[in-house]
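Worksheet for the structure shown next.
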Amino acid sequence: MPEKRPYPDDNGARNDSKRPRSNNASPAPATSEKMRAALAAKAKVDAQLAAKREAGVADARARAAAIAAKFGRPAPGQPLPAATPSPSTNGHSTAPAGQSSAEDKNAALRAQLAQVLARKPESTATPPQRPPPPPAHARPQHSPPEVEDVSQRARGGLNVGLHPSLMGEMKQDSKARGKPMAPKFATTMANRRGESPAADEEKEEKNPYLDSSEKAGPDRTRLPRKIVMNQKGKYIEQAARLRRQEEMEALKRRIAAETRKKQLEESNEKGFLIPEPPACEWWDEILLDATDYAVLNDPAKLKFNNDDSIVTVYVQHPVEIRPPQEKLVIPVKPMYLTKTETKKVRRQRRAAENKEKQAKIRLGLEPPPPPKVKRGNMMRVLGEQAIADPTAIEALVEKQIRERQEAHEEANEARRLSKDQRHEKLSAQQAADAAKGMHLCVYKINNLSYGKHRFQVDKNAKDNALTGITILNPNFSLVIVEGGSKSCDLYKKLMLHRIKWTENAMPNSVREGNKEAEVAWLNSVDEQGQLKDFSQNKCTLIWEGEEKQRAFRKWGSRVCETDGEAKEVLTRAKMDSFWALAKSVA
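All the letters of the sequence shown, read from the start, carry residue numbers 1 to 586 under the UniProt record's numbering.
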């Protein structure tokens with residue numbers, strides 16, 4: 001092992017003795033200029049603090065001297081009265097000087113403590129007297145001004161002290177004045193950071209008038225509710241979060257749908273799997289006393305003959321109801337033929353009939369028909385007879401022509417329907433038309449005072465088997481008709497095209513007792529006997545549609561002088577709204 005290099009000492013000589021190990025691995029760095037300035041400032045502050053401490057000690061000594069002078073005792077630190085030394089053989093004191101001074105101090109302190117303990121408490125009625133200030137020669141020259149007691153100085157004529165809170169504030173001010181100024185250097189402040197102000201806080205007195213507890217009253221069991229303000233953008237962020245979540249869910253659904261569609265396209269068989277049928281259908285569970293169809297052969301397990309069963313031995317045949325849409329089906333019309341096609345069909349039909357008739361004549365089933373003689377073929381068919389007696393042949397030909405004409409007219413008359421049959425046929429057609437659905441039409445007529453117009457409105461409504469009413473009013477007239485589709489179409493052509501509403505003529509004589517004739521505004525002439533001007537008269541279709549059933553039992557007309565009467569009449573049929581509609585239409 002190689003030998004260690006010798007470490008030179010301060011004189012440069014070798015020191016074989018082992019040096020003690022230092023705590024620091026490296027030597028202390030050289031002091032810089034800033035460090036020297038900081039150390040100098042720290043030394044200066046320390047000197048100031050030492051001077052203040054000395055001043056405080058001197059002040060305390062001065063106070064102690066004042067108290068000692070009050071009670072007639074020597075101040076602490078001053079020598080006691082010289083005691084008579086015990087004589088010795090050589091005339092000197094036997095105790096050493098240092099020991100006698102210490103014993104004197106202890107004796108003075110014991111005497112002072114005994115006097116304080118033996119002193120009686122002063123009366124509270126008499127305010128404590130302020131001790132007199134010490135003489136000028138007893139005061140130290142460098143002591144600060146005396147600090148008086150705040151509570152004693154603040155007492156007035158009523159012997160009332162200051163409020164405890166004010167006393168605490170004044171004490172804090174006095175403490176702040178006597179507290180040394182904190183250094184402003186970084187190094188010193190860093191060293192003082194560890195000091196806790198708990199000692200100063202403990203000295204402060206608590207304010208008895210301040211409730212530091214959480215309760216604000218004797219019955220308060222909970223803390224007051226604080227106002228919590230929502231931060232800006234809080235709900236906007238929540239809405240954005242919800243929108244993002246919905247977008248993610250929509251994206252997931254779309255991806256799942258696309259995946260499912262792709263799987264169906266790849267394998268169609270997997271996409272159309274049919275589940276297995278259940279052991280018992282839900283509609284059969286109430287009829288079976290089991291969960292499967294295996295008990296069908298066991299009558300005891302069937303619930304057919306019970307009183308609560310919905311299935312019995314009786315068979316109910318419901319009444320057949322024809323579907324309502326069948327009556328609205330338009331029948332297919334046959335195809336119309338041209339004149340050439342009609343002649344061709346007629347020729348073929350007659351040829352077939354003639355061929356059948358000739359076959360019967362050959363078989364002797366029918367006698368042959370007599371020859372059809374006309375004026376044109378008379379000489380050719382009856383040649384010899386016509387030559388022998390032309391007058392008789394001509395008379396015979398005219399007779400046959402008359403017979404054929406009469407037979408044709410009789411056949412036509414046999415096919416013609418009678419008046420009653422025509423009415424029955426027309427009524428059947430109108431009833432069939434009305435069975436397909438009821439139609440309703442409402443017309444507004446500006447002036448219906450001309451008797452011919454009123455007759456045409458009433459007569460055509462009755463002929464077309466329409467029901468409804470005509471409201472005659474001085475302002476305008478209202479016509480309401482209801483019936484089948486064909487009847488309403490015919491009546492519409494009558495009201496809008498066939499009747500000339502601008503026509504007017506002198507009225508015919510009416511029989512006595514006609515109420516319409518008694519009303520002046522229902523006449524076609526005015527008070528001077530002149531014809532009324534119907535140039536602006538017209539008829540307007542204000543409403544058209546379908547209804548469920550007839551609202552009127554028959555056709556009729558009513559004269560209503562006022563709007564109230566007209567509405568009352570229409571209210572019975574629940575059609576009073578048409579009067580207001582007619583008034584709104586120009």
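Ideal placement from N, C-alpha and C gives every residue a C-beta, glycine not left out.
Item: Whether residue 411 touches residue 484 by CB criterion (9 Å); Value: no
Item: Closest Cα partner of residue 380 within the set 368, 394 and 369; Value: 394
Item: Own chain, CB closer than 6 Å to residue 551, minus 5 neighbours either side, in chain order; Value: 573
Item: Beta-carbon contacts of residue 587 that lie in its chain and below 7 Å, excluding the five residues immediately before and after; Value: With the chain running from 1 to 586 in the structure shown, residue 587 is simply not present.
Item: Identity of the residues DSSP links to residue 444 by a beta bridge; Value: 478 and 540
Item: 6 Å Cβ shell around residue 576 - same chain, five flanking residues per side excluded; Value: 567 and 570
Item: Complete alpha helix (DSSP H) runs within the stretch 278-328 (minimum length 4 residues, chain order); Value: none
Item: Buried versus exposed call for residue 94 [16 or more other C-beta atoms within 10 Å across all chains shown]; Value: Interpretation of residue 94 is limited by its pLDDT of 43, a score under 50 that renders its predicted location unreliable; no figure is taken from the coordinates.
Item: Identified DSSP bridge partners for residue 524; Value: Paired residue(s): none; residue 524 is not in a bridge.
Item: Member of 432, 116 and 56 whose CA lies at the smallest distance from the CA of residue 326; Value: 432
Item: Residue 469 - partner residues in DSSP beta bridges; Value: 480 and 556
Item: The stretch 440-447 touching the stretch 543-550, judged by at least three CB pairs closer than 8 Å; Value: yes
Item: Residue 506 in three-state terms, based on DSSP; Value: coil
Item: Expected contact under 8 Å - CB spacing of residue 474 and residue 561 to nearest Å; Value: 7 Å
Item: CA nearest to the CA of residue 426, picked from 497, 476, 487 and 368; Value: 487
Item: Neighbour-count burial assignment, residue 236, 16 or more Cβ in a 10 Å radius; Value: exposed
Item: Sequence-distant residues of the same chain with beta carbon closer than 7 Å to residue 582, five excluded per side; Value: 444, 476, 478 and 542
Item: Closest by C-alpha distance to residue 554, when choosing among 108, 464 and 534; Value: 464
Item: Where residue 386 falls, given that 16 or more other Cβ within 10 Å makes a residue buried; Value: buried
Item: Candidates 557, 503 and 526: closest to residue 536 by CA position; Value: 503
Item: Residue range of the unbroken alpha helix (DSSP H) whose run includes residue 222; Value: Unbroken run through residue 222: none, as it is neither H nor E.
Item: Alpha-carbon spacing of residue 253 relative to residue 315, whole angstroms; Value: 52 Å
Item: The alpha helix (DSSP H) enclosing residue 71, as first and last residue numbers; Value: 33-71
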